[in-house]
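**Q** By our numbering, the letter at position 171 of the sequence shown is numbered 297, and the numbering carries on one by one without gaps. Sharing a structure below in structure tokens format, with a few things to ask.
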Amino acid sequence: MVMDRKFNGKLVITGKIKAVTGLHIGAQREVGEIGGIDNPVIRDPVTGLPYIPGSSLKGRLRSLFEILTNSKLDEWKEKYIGLKGYSPGSCREEGRENCGKFFNKRINNGWIHVCPDYQKAYNCPVCRLFGASGNDSNFPSRLIVRDAFLTEEWKRKWEEGQEITEAKIEVGIDRVTSQANPRTNERVVAGTEFNFEIIYTVEDISHWEDDVKNLLTAMALLEDSYLGGSGSRGYGKVKFFFENIEFRKADYYRTGDPRDIIKIPAVNKSVREILSEFGDLFSEVKAKLGAE
Numbered sequence: 127m128v129m130d131r132k133f134n135g136k137l138v139i140t141g142k143i144k145a146v147t148g149l150h151i152g153a154q155r156e157v158g159e160i161g162g163i164d165n166p167v168i169r170d171p172v173t174g175l176p177y178i179p180g181s182s183l184k185g186r187l188r189s190l191f192e193i194l195t196n197s198k199l200d201e202w203k204e205k206y207i208g209l210k211g212y213s214p215g216s217c218r219e220e221g222r223e224n225c226g227k228f229f230n231k232r233i234n235n236g237w238i239h240v241c242p243d244y245q246k247a248y249n250c251p252v253c254r255l256f257g258a259s260g261n262d263s264n265f266p267s268r269l270i271v272r273d274a275f276l277t278e279e280w281k282r283k284w285e286e287g288q289e290i291t292e293a294k295i296e297v298g299i300d301r302v303t304s305q306a307n308p309r310t311n312e313r314v315v316a317g318t319e320f321n322f323e324i325i326y327t328v329e330d331i332s333h334w335e336d337d338v339k340n341l342l343t344a345m346a347l348l349e350d351s352y353l354g355g356s357g358s359r360g361y362g363k364v365k366f367f368f369e370n371i372e373f374r375k376a377d378y379y380r381t382g383d384p385r386d387i388i389k390i391p392a393v394n395k396s397v398r399e400i401l402s403e404f405g406d407l408f409s410e411v412k413a414k415l416g417a418e
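Okay, structure coming up:
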């Protein structure tokens with residue numbers, strides 16, 4: 127399939143991510159540090175403040191949506207023809223990539239889903255949204271997920287001396303020797319808020335509604351899962367708070383005319399509220415874009 131990319135505008139989503147429980151997204155420990163934190167959080171090298179890398183947020187959203195797609199594979203094959211030819215499960219058992227199972231590409235010690243060519247990716251709910259680096263061609267992601275930095279309120283709290291990270295000591299027990307193995311994890315304290323920005327590029331007007339609903343579904347899944355490490359031990363519960371969603375028409379990037387921006391009334395709405403009210407909230411965007 128010849129690449130025929132189009133540009134019909136961008137949907138810009140901004141808001142806050144709140145760490146409902148302590149959050150740990152790790153960084154490499156300083157070499158030579160003795161008696162310090164075993165697992166520090168990642169920090170902005172300029173300010174020294176913790177942040178959420180866009181790659182971590184996007185990767186977690188993709189991972190959760192991949193699991194959902196694997197579970198819905200047979201049900202979704204008629205709607206997303208790029209899923210045809212896959213069966214649920216992982217190629218781990220086969221020991222080779224692209225064995226016909228949905229999780230078909232080895233990454234480190236795990237398996238993810240990546241369509242092997244442009245045409246399959248174009249018709250796959252995962253790859254056309256999050257991107258794919260296949261064997262024959264790449265399918266660029268339609269999503270941009272920015273790094274999420276502390277809100278101004280939480281920067282001010284830090285400047286006033288409030289601690290925004292904590293050291294949590296955990297003890298692992300060797301099941302064979304019963305020997306204790308204490309370690310110290312650093313995590314961002316519960317309640318901390320970060321600004322997030324996610325941008326979706328509208329390429330195919332027959333895809334945008336499904337793509338955006340799938341993105342929101344992934345965000346809803348994340349709220350009931352975890353972000354970062356040690357999620358099974360209570361870390362990483364987060365919640366999204368929307369502040370602004372706007373559709374910027376293609377002409378806006380030529381003229382800068384604010385009349386080429388459609389505002390979606392999403393302030394203080396939850397992910398699930400936006401999903402349930404999608405038709406009404408995005409009615410003006412739907413009227414503008416229509417569908418092929």
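All C-beta atoms in this analysis are idealised placements derived from N, C-alpha and C, irrespective of residue type, glycine included. Note that the coordinates shown come from a computational prediction; the quantities given were computed from them, not determined experimentally.
To the nearest angstrom, report how far apart E319 and P391 are at their CA atoms.
**A** Here residue 319 corresponds to residue number 193 of the sequence shown, with the count starting at 1. Here residue 391 corresponds to residue number 265 of the sequence shown, with the count starting at 1. Near 22 Å, if we compare the C-alpha coordinates of P391 and E319.
**Q** Under a three-way DSSP split, which group does L255 fall into?
**A** Along the sequence shown, read from residue 1 onward, the residue named residue 255 stands at position 129. In this structure, L255 counts as helix in the three-state DSSP scheme.
**Q** Can you give the beta carbon distance from V328 to K136, rounded, assuming they're within the 8 Å contact cut?
**A** On the sequence shown, residue 328 is found 202 positions in, with the first residue counted as 1. On the sequence shown, residue 136 is found 10 positions in, with the first residue counted as 1. Contact between V328 and K136 holds: their C-beta atoms lie close to 7 Å from each other, under 8 Å.
**Q** Is F322 helix, strand or coil by DSSP?
**A** The residue given as residue 322 occupies position 196 in the sequence shown. Note: F322 maps to strand in three-state DSSP.
**Q** Could you tell me which whole beta strand (DSSP E) segments of length 3 or greater appear in the stretch 176-222?
**A** 213-216
**Q** When DSSP builds the beta bridges, which residues end up paired with I233?
**A** Along the sequence shown, one-based indexing puts residue 233 at 107. According to DSSP, which records beta bridges pairwise, I233 is partnered with G236.
**Q** How long is the line joining the alpha carbons of F368 and V393, rounded to whole angstroms?
**A** In the sequence shown, the residue the question calls residue 368 occupies position 242. In the sequence shown, the residue the question calls residue 393 occupies position 267. Roughly 6 Å between the two C-alpha positions.
**Q** Decide if I324 is buried, meaning its Cβ has at least 16 other Cβ atoms within 10 Å, or exposed.
**A** In the sequence shown, the residue the question calls residue 324 occupies position 198. By the 10 Å Cβ count, I324 comes out buried.
**Q** By the three-class DSSP mapping on this structure, what secondary structure does L277 have?
**A** Reading the sequence shown from its first residue, position 151 is the one you call residue 277. The question names Leu, but residue 277 is Thr in the sequence shown. Three-state DSSP puts T277 in coil, outside helix and strand.
**Q** Taking I295 as the reference, which of G287, K283, E312 and R282 has the closest Cα?
**A** As a first step, residue 295 is located in the sequence shown; it is residue number 169 there, counting from the start. Selected option, being the one with the closest Cα: E312.
**Q** Below 8 Å, how does it come out for the stretch 256-273 and the stretch 176-183: are there three or more Cβ pairs, yes or no?
**A** Judged by pairs of C-beta atoms under 8 Å, the stretch 256-273 touches the stretch 176-183, as three or more such pairs exist.
**Q** Tell me, please, whether the stretch 186-195 touches the stretch 340-347 by the rule of three or more beta-carbon pairs shorter than 8 Å.
**A** yes
**Q** My output table needs one value for G161: the three-state DSSP class, helix, strand or coil.
**A** Position 35 of the sequence shown, counting from 1, holds the residue named residue 161. Residue placement at G161 is flagged as unreliable, the pLDDT there being 49, under the threshold of 50; the coordinate-derived value follows with that caveat. Coil at G161, not helix or strand.
**Q** In whole angstroms, give me the CA-to-CA distance for N370 and Y378.
**A** Stepping through the sequence shown from its first residue, residue 370 is reached at position 244. Stepping through the sequence shown from its first residue, residue 378 is reached at position 252. When rounded, the distance between both Cα atoms is 17 Å.
**Q** Starting from T140 and walking both ways along the beta strand (DSSP E), at which residues does that stretch end?
**A** What you label residue 140 is simply residue 14 of the sequence shown in a count that begins at 1. It spans K136 to A145 - the beta strand (DSSP E) in which T140 sits, taken as one unbroken run.
**Q** Exposed or buried, I160, counting other C-beta atoms within 10 Å across all chains shown (16 or more means buried)?
**A** Numbered from its first residue, the sequence shown carries residue 160 at position 34. Residue confidence for I160 is low, a pLDDT of 43 falling below 50, so the modelled location carries little weight; the figure read from the coordinates is stated next. With fewer than 16 Cβ atoms within 10 Å of its Cβ, I160 is classed as exposed.
**Q** Classify F133: buried if its beta carbon has 16 or more other beta carbons within 10 angstroms, exposed otherwise.
**A** Position 7 of the sequence shown, counted from the first residue, corresponds to residue 133. Exposed is the call here.
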